[in-house]
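Q: Here's a structure for you.
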Amino acid sequence: MIEIFLAGGILMWPLLGCSLVVIAISAERYWTLNPAKIAPKTLLAQVWSWIKNNQLDATKLRELKQSSPLGYILAAGLSNSKHGRDVMKDSVQEAANKVIHDLERYISALGTIANLAPLLGLLGTVLGMIEIFNGILLNGTGSTNVLAGGISIALYTTVAGLVVAIPATVSHKFFQRRIDGIVVNMEEEAIKLIDALHSERRVDVKLV
11 MIEIFLAGGI
21 LMWPLLGCSL
31 VVIAISAERY
41 WTLNPAKIAP
51 KTLLAQVWSW
61 IKNNQLDATK
71 LRELKQSSPL
81 GYILAAGLSN
91 SKHGRDVMKD
101 SVQEAANKVI
111 HDLERYISAL
121 GTIANLAPLL
131 GLLGTVLGMI
141 EIFNGILLNG
151 TGSTNVLAGG
161 ISIALYTTVA
171 GLVVAIPATV
181 SHKFFQRRID
191 GIVVNMEEEA
201 IKLIDALHSE
211 RRVDVKLV
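Right, dumping it as structure tokens:
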């Protein structure tokens, strides 16, 4: 493997760097994008229990905001619930936009690598082929075995580019779908809270 890597030329090094970035981002996002941590299933019920029991104060609101991304969104809505449904909905949307931005961190890098790696591989192959044909011009065709070996070496970067690009593409699609599912779930939970609050009463958060 080391011989193949070295035979591929200088562009094998950026491809190696891309592969390490894909592994690092995939591991970090897999750990971070845990639906149970981002949008706990029991959180809305807990918040509603606080509201019904008149326990929602500034301390609990602060705890809610820091507990999870869903908690951050719900806290933003509750902080502005007394200003009406539309204002509460706008606050939830603004908070959701920030949360979505955080969830999508590094995901675009996976897409970029998925597109860039095959191009790097192709560039390496083209450069290798240029060297082979320059050698033919200077020294003649020589042995066909040597020529075939040179062509195979030139194709190593194409293979390496695809080896990097395919996992990057799969990871990008996987995490994008996971984010979409999480966002839909958080939107449903926020809408439930808004509908429940404004179908019964407004909530005034106690400041003491």
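Under my numbering, think of the first position of the sequence shown as 11, with each following residue one higher. In this text, a Cβ means the ideal position worked out from N, Cα and C, and glycines have one as well.
For V102 versus I204, is the C-beta spacing smaller than 8 Å?
A: For this step, residue 102 is matched to residue 92 along the sequence shown. For this step, residue 204 is matched to residue 194 along the sequence shown. Taking 8 Å as the Cβ cut-off, V102 and I204 qualify as a contacting pair.
Q: Measuring only the C-alpha atoms, how far is V194 from H93?
A: Taking the first residue of the sequence shown as position 1, residue 194 is located at position 184. Taking the first residue of the sequence shown as position 1, residue 93 is located at position 83. One C-alpha to the other measures close to 25 Å.
Q: If you check the beta carbons only, do I83 and A206 fall under 8 Å apart?
A: For the purposes of this step, residue 83 is taken as residue 73 along the sequence shown, with counting starting at 1. For the purposes of this step, residue 206 is taken as residue 196 along the sequence shown, with counting starting at 1. In this structure, I83 sits away from A206, with a CB-CB distance that is not shorter than 8 Å.
Q: How far does the alpha helix (DSSP H) with S101 in it reach, from first residue to last?
A: Numbered from its first residue, the sequence shown carries residue 101 at position 91. Counting along the chain, the alpha helix (DSSP H) containing S101 begins and ends at 95-113.
Q: Going by C-alpha to C-alpha distance, which of I189, L129, L147 sits closest to T168?
A: Here residue 168 corresponds to residue number 158 of the sequence shown, with the count starting at 1. Closest option to T168, Cα to Cα, is L129.
Q: By the 10 Å Cβ neighbour count, where 16 or more other Cβ atoms means buried, how is T166 classified, buried or exposed?
A: Against the sequence shown, residue 166 aligns to sequence position 156. A small fix is needed here, since residue 166 is Tyr in this sequence, not Thr. Burial call: buried.
Q: Spell out a yes or no on whether the region 58-68 and the region 30-37 are touching, meaning 3 or more CB-CB pairs, one atom from each, closer than 8 Å.
A: no
Q: Taking only the alpha-carbon atoms, compute the straight-line gap between N107 and L43 and give it to the nearest angstrom.
A: Along the sequence shown, one-based indexing puts residue 107 at 97. Along the sequence shown, one-based indexing puts residue 43 at 33. One C-alpha to the other measures close to 16 Å.
Q: Return the residue from the list A170, V174, E114, F184 that minimises the CA-CA distance to I14.
A: Within the sequence shown, numbered from 1, the residue matching residue 14 stands at position 4. Among A170, V174, E114, F184, the Cα nearest to that of I14 belongs to A170.
Q: Check whether the region 176-188 touches the region 111-120, counting contact only when three or more Cβ pairs, one atom from each stretch, lie closer than 8 Å.
A: yes
Q: Please name the residue, chosen from P79, L71, A175, that lies closest to K47 on a Cα-to-Cα basis.
A: Against the sequence shown, residue 47 aligns to sequence position 37. When only C-alpha atoms are compared, the closest one is P79.
Q: Using a Cβ-Cβ cutoff of less than 8 Å, which residues in the same chain neighbour E197 once the five nearest sequence positions on both sides are dropped?
A: Taking the first residue of the sequence shown as 1, we reach residue 197 at position 187. Excluding sequence neighbours, E197 sits near A106.
Q: Can you say whether V97 is buried or exposed, counting buried as having 16 or more other CB atoms within 10 angstroms of its CB?
A: Taking the sequence shown and counting its residues from 1, one reaches residue 97 at position 87. Exposed.
Q: Could you name the residues of the same chain whose beta carbon sits closer than 6 Å to that of G131, not counting the 5 residues immediately before and after it, in chain order?
A: Here residue 131 corresponds to residue number 121 of the sequence shown, with the count starting at 1. Counting only Cβ-Cβ distances below 6 Å, and skipping sequence neighbours, we find T167, T168, A170, G171.
Q: When we look at the beta-carbon of S91 and count the other beta-carbons within 10 Å, is it buried (16 or more) or exposed?
A: Taking the first residue of the sequence shown as 1, we reach residue 91 at position 81. So S91 ends up on the buried side.
Q: Between K75 and the rest of its own chain, which residues show a CB-CB distance below 8 Å, the 5 nearest in sequence each way excluded?
A: Start at 1 with the first residue of the sequence shown, and residue 75 comes out as number 65. Taken in chain order, the residues that qualify are G81, Y82, A85, A86.
Q: Measuring only the C-alpha atoms, how far is S89 from T52?
A: Taking the first residue of the sequence shown as position 1, residue 89 is located at position 79. Taking the first residue of the sequence shown as position 1, residue 52 is located at position 42. Their Cα atoms are separated by approximately 20 Å.
Q: Distance, Cα to Cα, W23 vs L16?
A: For the purposes of this step, residue 23 is identified with residue 13 of the sequence shown, where counting begins at 1. For the purposes of this step, residue 16 is identified with residue 6 of the sequence shown, where counting begins at 1. Roughly 9 Å between the two C-alpha positions.
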